[in-house]
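Trainee: Before anything else, here's the structure in question.
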Amino acid sequence: MAKNIKTRAEDYSQWYLDVIKAAQLADYAPVRGCMVIRPEGFSIWEAMQRDLDRRFKETGHVNAYFPLLIPMSFMSREAQHVEGFAMECAVVTHHKLQQDGKGGLQAAGELEEPYIIRPTSETVIGHMYSQWIQSYRDLPVLINQWANVMRWELRTRLFLRTAEFLWQEGHTAHETAEEAEQETLRMLDVYASFVEEFMAMPVIKGPKTDSEKFPGAVTTYAIESLMQDGKALQNGTSHNLGQNFAKAFDIKFLGRDQKIEHCYTTSWGVSTRLIGSLIMMHSDDDGLVLPPRVAPNLVAIVPIFKTDEEKAKVAAYIEKIVAALCGDDEVAAAKNRLSSGDITRYFFDKHTGQGVLVDWRDNRPGDKQFHWEQRGVPFRIEVGPRDVDGSAMVVKKRLDRSKDVVKLENVSAAWLRGMCESVQAEMFEKARAYRDANTHRAESYDELKSILAGKGGFVRCFFQPDREAEAKIKEETKATVRCLPFDARGKTGQCIYSGKDGAPEALFAQAY
RNA sequence: CGGGGCGUAGCUCAGCCUGGUAGAGCGCCACGUUUGGGACGUGGAUGCCGGAGGUUCAAAUCCUCUCGCCCCGACCA
């Protein structure tokens with residue numbers, strides 16, 4: 043049992059923070075509501091970026107970069123958009139500092155028009171698109187940007203909700219409403235498959251209700267996941283913006299019919315919030331658990347020895363293990379690299395940057411086991427004199443703490459890849475089984491209330507979306523409609539709230 | 001933005017009521033004994049006691065003002 047981590051049963055939100063701290067994923071910054079993403083956490087983001095970026099390119103998108111600062115007047119052009127973001131915008135009003143005469147500094151050089159720090163970039167990008175797009179021949183425009191954004195949140199939690207966060211935002215412009223809708227759904231699918239395949243997190247796809255959609259969108263689609271405390275978390279959103287932003291920013295094109303028309307635009311994004319989701323979905327009371335595809339390091343090797351002779355013997359043997367996994371060239375290359383704190387890192391996969399570590403620190407082996415366990419490293423290999431003699435090693439699996447004795451002759455890159463694939467699949471199945479076991483069906487409003495008041499989780503029921511009804515239900519149950527699941531499309535029934543027939547199936551849950 | 005709480009060593013906190021040389025545990029460093037799931041001993045380093053005023057011979061402690069953070073609510077990726 044980890045002594046620096048509260049258990050999930052004791053205090054779920056403290057557990058979440060303890061896991062982050064123990065794995066050194068992030069730290070509080072000296073700025074209100076902001077965090078520092080530490081190397082362990084950032085490498086997870088890098089892995090996600092690498093995989094997602096590939097998926098974006100495969101669907102025809104290109105990357106670009108737009109400015110952090112947005113003229114304030116841009117925000118006010120789309121009425122719902124302003125309404126949605128006005129309350130959480132950081133405003134830049136000055137452009138220099140000067141001495142205040144009391145030994146400190148004060149803002150000076152007031153700007154004629156203040157800038158806001160982007161809470162999202164629809165407006166600047168819309169402005170640029172209006173200049174770039176002239177004719178249907180310029181369409182579609184399929185641009186993504188990797189950036190930071192700022193939303194001045196009053197209550198923040200590491201990764202899940204911070205004032206500044208990293209994300210990607212795709213912004214596309216199309217000739218027809220149909221094509222924009224297809225694009226919106228295509229990117230929702232990209233997100234869903236990325237989250238399921240890469241992060242091993244099962245999702246439920248579907249549109250948001252009007253009251254939950256993005257400010258300025260015609261339709262918002264989301265992927266929703268269930269966390270271990272029975273609360274839902276939105277992992278990503280894809281918006282069909284219709285002509286709303288095109289009209290606000292004058293994004294027009296000369297159509298095939300020689301008539302000028304407004305474009306149909308979309309936007310879609312996922313953020314570092316996904317890391318919070320990853321932590322809450324897979325980790326356990328012993329700390330972080332990472333799916334192999336996300337893990338920056340796949341294996342941590344813990345040497346065991348008493349004497350210097352034993353150390354030399356174990357070291358020579360470990361070199362053989364690493365050579366079997368990473369190749370002789372990498373063993374040689376690693377000798378010329380600086381390493382921090384007596385931990386030697388070898389590249390297992392140069393493309394993904396994933397590595398194998400050998401922990402030579404002067405700690406006791408038990409310490410090291412806990413250390414790497416808490417950091418979620420998928421596999422640990424323990425090597426002591428007895429293993430050298432038997433030409434074997436003890437392989438420990440993070441996911442279920444199982445251990446196996448493996449012969450050196452069976453160790454290879456393919457062997458490790460095979461184990462990674464099976465752990466990846468196991469983690470997805472485990473998460474899906476948990477979600478299914480915590481998804482309930484309600485036939486009446488009373489039933490919905492009692493399920494939400496009790497065990498929580500996802501609740502499916504027939505419900506006719508309605509702003510007032512949703513507000514009332516939220517007030518009474520703290521739950522919201524997460525989406526109208528695609529997997530129940532076409533099914534209709536009697537609305538549990540209004541009693542009217544023909545209501546679609548909705549997915550309710552309390553949410554992050 | 002309302003309600004509550006807290007600022008003292010890297011971390012968690014004691015000391016404050018009743019003013020008098022700055023403390024503990026953990027962590028860190030050194031040495032030794034240890035080492036197959038969180039070792040132990042000995043020694044050591046570390047503080048503008050959040051900041052600014054005030055009261056006093058004397059302030060971490062009392063008073064005033066400030067700043068920051070955390071928690072709980074309303075809003076949110």
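Under our numbering, the first sequence is numbered contiguously, ending at residue 554.
Don't be surprised by glycine CBs; every beta carbon is placed ideally from N, CA and C.
(1) Rounded to whole angstroms, what's the CA-CA distance from K301 to K99? Just pull it up for me.
(2) Between K60 and C305, what straight-line distance do the alpha-carbon atoms span, to the nearest angstrom?
(3) Looking at C-beta atoms only, is the number of pairs between the stretch 428-436 and the stretch 409-420 that lie closer than 8 Å three or more?
(4) Counting Cβ pairs closer than 8 Å, one from the stretch 500-516 and one from the stretch 537-554, do we hit at least three?
(5) Counting C-beta neighbours from all protein chains within 10 Å, is the total for P507 16 or more, i.e. buried, or is it exposed?
(6) Which residues in the same chain as R97 place their Cβ atom closer than 8 Å to its Cβ, once the five residues preceding and following it in sequence are excluded?
(7) Applying the 10 Å Cβ sphere with the 16-neighbour rule, what's the burial state of D556?
(8) If you compare alpha carbons, which of E517, L549, I515, A521 is closest to F528?
(9) Would you identify the three-state DSSP class for N286, choosing helix, strand or coil?
(10) Going by DSSP in three states, A132 sits in which element: helix, strand or coil?
(11) In terms of residue numbering, what span does the beta strand (DSSP E) encompassing F84 cover?
(12) Pair every Cβ in the stretch 505-524 with every Cβ in the stretch 249-258, then say whether three or more of these pairs are closer than 8 Å.
(13) Starting from the C-beta of K273, find all residues in its chain whose C-beta is less than 8 Å away, skip the five residues before and the five after it, and write them out in chain order.
(14) For the alpha helix (DSSP H) containing L450, name the first residue and the last one.
(15) Taking the straight line between their C-alpha atoms, what separation do you get for I385 and A358?
(16) So what's Q140 in DSSP terms, helix, strand or just coil?
(17) What does the alpha-carbon distance come out to for the pair I515 and R509?
(18) Evaluate contact between the stretch 209-216 and the stretch 117-137, counting only Cβ atoms and requiring at least three cross-stretch pairs below 8 Å.
(19) My assumption, with CB atoms under 8 Å, is that E468 sits in contact with L441. Please give the rounded CB distance.
(20) Under 8 Å by Cβ, that's how I've got L184 and H103 pegged, so tell me the actual separation to the nearest angstrom.
(21) Give me the DSSP bridge partner(s) of N186.
(22) Name the DSSP beta bridge partners of T251, please?
(23) Using the rule of at least 16 other Cβ atoms within 10 Å of the residue's Cβ for burial, across every protein chain shown, is A288 buried or exposed?
(24) Let me know if L147 comes out buried or exposed under the rule of 16 or more other beta-carbons within 10 Å of its beta-carbon.
(25) In angstroms with no decimal places, state the Cα-to-Cα distance between M435 and R443.
(26) Less than 7 Å between the C-beta atoms of R298 and Y171, yes or no?
(27) Extract the residue ranges of the alpha helix (DSSP H) inside the stretch 251-339, only unbroken runs of 4 or more that lie entirely within it.
(28) Can you name the start and end residues of the beta strand (DSSP E) that C503 belongs to?
(29) Short check: CB of D328 to CB of A68, under 7 Å?
(30) Taking the straight line between their C-alpha atoms, what separation do you get for R459 and S486?
(31) When burial is assigned at 16 or more other CB atoms within 10 Å of the CB, is L111 buried or exposed?
(32) Where do the N-terminal and C-terminal ends of the beta strand (DSSP E) with F389 fall, by residue?
(33) Looking at Q173 and P334, is the spacing between their C-beta atoms short of 7 Å?
(34) DSSP has I515 in a bridge; who is on the other side?
(35) Compare the C-alpha of R474 against each of E512, E451, M323, E352 and name the closest.
(36) By the three-class DSSP mapping on this structure, what secondary structure does K355 have?
Mentor: This is what the structure holds:
(1) 32 Å
(2) The residue you asked about is not Lys; residue 60 is Asp in the sequence shown. Distance from the CA of D60 to the CA of C305, rounded to the nearest whole angstrom, comes to 48 Å.
(3) no
(4) yes
(5) buried
(6) V232, S235, F236
(7) With the chain running from 43 to 554 in the structure shown, residue 556 is simply not present.
(8) L549
(9) helix
(10) coil
(11) Note, F84: premise wrong, no beta strand (DSSP E); alpha helix (DSSP H) at 81-100.
(12) In this structure the stretch 505-524 touches the stretch 249-258; the number of beta carbon pairs closer than 8 Å is three or more.
(13) G498, A551, Q552, A553, Y554
(14) Per DSSP, L450 belongs to no alpha helix (DSSP H) and is neither H nor E.
(15) 16 Å
(16) Here Q140 sits in strand by DSSP.
(17) 10 Å
(18) In short, these stretches do not touch, since the Cβ pair count stays below three.
(19) 6 Å
(20) About 5 Å separates the two Cβ atoms, so the contact holds.
(21) N105, G212
(22) DSSP output for T251 lists no bridge partner at all.
(23) In the assembly as shown, A288 is a buried residue. Its beta-carbon has 16 or more other beta-carbons within 10 Å.
(24) That one is exposed.
(25) 16 Å
(26) no
(27) 286-291, 315-324
(28) 500-504
(29) no
(30) 48 Å
(31) exposed
(32) Residues 385-391.
(33) no
(34) In DSSP, I515 forms no bridge with anything.
(35) M323
(36) Reduced to three states, the DSSP call for K355 is helix.
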